[in-house]
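S.K.:
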Amino acid sequence: MWGSKLIAKSEIPWKVILESQNMELKNWLKMDLVSGSDCKEGMFTIPEVEVEIKVRVASVSEMEKQNKRRLNNWNECGCKNGHDHQAWCNTEDCDIF
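Here the sequence shown stands for residues 31 to 127, numbered as in my numbering.
Next comes the structure, spelled out in structure tokens:
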């Protein structure tokens, strides 16, 4: 009986979010009892939870900046010998060899 147990759940289809204004949704959802839970229908009032979802899509220029920054980390290994394009090599590896 210790720990958390899932007793109810609710779902929101992505279509509802994507079709909403500015891809934002703030709504109260009624929870449905999960089969196999110890709770029975009528034991308590149907729980509701307020959900707020905001979806933001990055612009093309923002994505290019992130990709460039991510790829720059792989161009040099960072060891004292200046190996290029060998992300698997680091300072400790050069000291060993």
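Note that the Cβ used here is the ideal one computed from N, Cα and C, for glycine as well. Note that the structure is a prediction, hence the values are computed from the model and not measured.
Output needed for Lys-39: all residues of its chain with C-beta closer than 8 angstroms, excluding positions within five of it in sequence on either side, in chain order.
M.R.: Within the same chain, Lys-39 has close Cβ partners Met-61, Asp-62, Val-64.
S.K.: Please report the straight-line C-alpha distance between Lys-35 and Pro-77, rounded to a whole angstrom.
M.R.: Cα to Cα, Lys-35 sits roughly 15 angstroms from Pro-77.
S.K.: Is Val-87 helix, strand or coil by DSSP?
M.R.: DSSP places Val-87 in coil when its eight states are reduced to three.
S.K.: Among the residues of its own chain, which have a CB less than 7 angstroms from the CB of Arg-57, if the five just before and after it don't count?
M.R.: In the sequence under discussion, the amino acid at residue 57 is Asn, which differs from the Arg named in the question. The residues are Val-81.
S.K.: Have a look at Lys-95 and Phe-74 and give me their C-alpha separation to the nearest angstrom.
M.R.: Going by the C-alpha atoms only, they are around 52 angstroms apart.
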